[in-house]
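In my numbering, the protein residues as written are 5 to 159.
Every residue, glycine too, gets a C-beta built ideally from N, C-alpha and C.
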Amino acid sequence: MLIIVVANITSSEIFKTRSVFHNTLEPGQSGFSPELSRFLSRFGVSTIVNYKFITLAPETEKDTVIKSLQTNPEWIVIDYEGHNDAIISRSALELALDNPEFTLEKLEAATAIMPISRHATLLEALEILSEKKANYGYIHIPDQNGNQVISGVFS
């Protein structure tokens, strides 16, 4: 313990730097402990992606939505033009379908979803979601025409 105290004082007073001890204990820029940050940096976001989803346009008719649920998706992504996409769980959508005035465009239970690079680490994805105050993200890949297509979702 005495060695740590001496090293800390030497580092801060003589070299005007933070000691290794302090750097290890304090959270990084992400607000997470260094150990958690290192762990999250080791894995790509694609390791936690859920592929059981469907993508629907906001103007999709109620009957088409009901037929789409027959594929047993866990998530429904509402694909608005211009990246203002939203996501809703299957169970929440099924409850909303009970409303006779149902439309995907006015679905209040849908939550914003953020695009994340498929090459991002879990730490990078978490930092983006935290910055945007979002709980859900998606990864996308280019199709044959070069358009970005949602390929997986995660929370």
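Secondary structure of residue i, DSSP reduced to three states
| i | result |
| --- | --- |
| residue 113 | coil |
| residue 47 | coil |
| residue 127 | helix |
| residue 119 | strand |
Endpoints, alpha helix (DSSP H) assigned at residue i
| i | result |
| --- | --- |
| residue 145 | Element bounds for residue 145: not the alpha helix (DSSP H) but the beta strand (DSSP E), 140-146. |
N- and C-terminal bounds of the beta strand (DSSP E) containing residue i
| i | result |
| --- | --- |
| residue 59 | 57-60 |
| residue 157 | 152-158 |
Own chain partners of residue i with C-beta closer than 6 Å, once the 5 adjacent residues on each side are dropped
| i | result |
| --- | --- |
| residue 52 | 158 |
Same chain only: Cβ atoms within 8 Å of residue i, ignoring 5 sequence neighbours per side
| i | result |
| --- | --- |
| residue 125 | 44, 45, 46, 47, 48 and 49 |
| residue 1 | Beyond the ends of the chain as shown, which are 5 and 159, falls residue 1; an answer cannot be given. |
| residue 146 | 152 and 153 |
| residue 83 | 59, 60, 61, 62, 89 and 154 |
Cβ shell of residue i (< 7 Å), same chain only, five flanking positions each side left out
| i | result |
| --- | --- |
| residue 106 | 66 and 100 |
| residue 54 | 78, 79, 156, 157 and 158 |
Quiz item: Of all the alpha helix (DSSP H) runs that stay within the bounds of the segment 62-94, which reach a length of 4 or more residues?
Solution: 66-72
Quiz item: Below 8 Å, can you find three or more Cβ-Cβ pairs linking the segment 84-95 to the segment 40-51?
Solution: Contact fails: fewer than three Cβ-Cβ distances are below 8 Å.
Quiz item: Hey, is the segment 104-120 in contact with the segment 59-77, meaning 3+ C-beta pairs nearer than 8 Å?
Solution: yes
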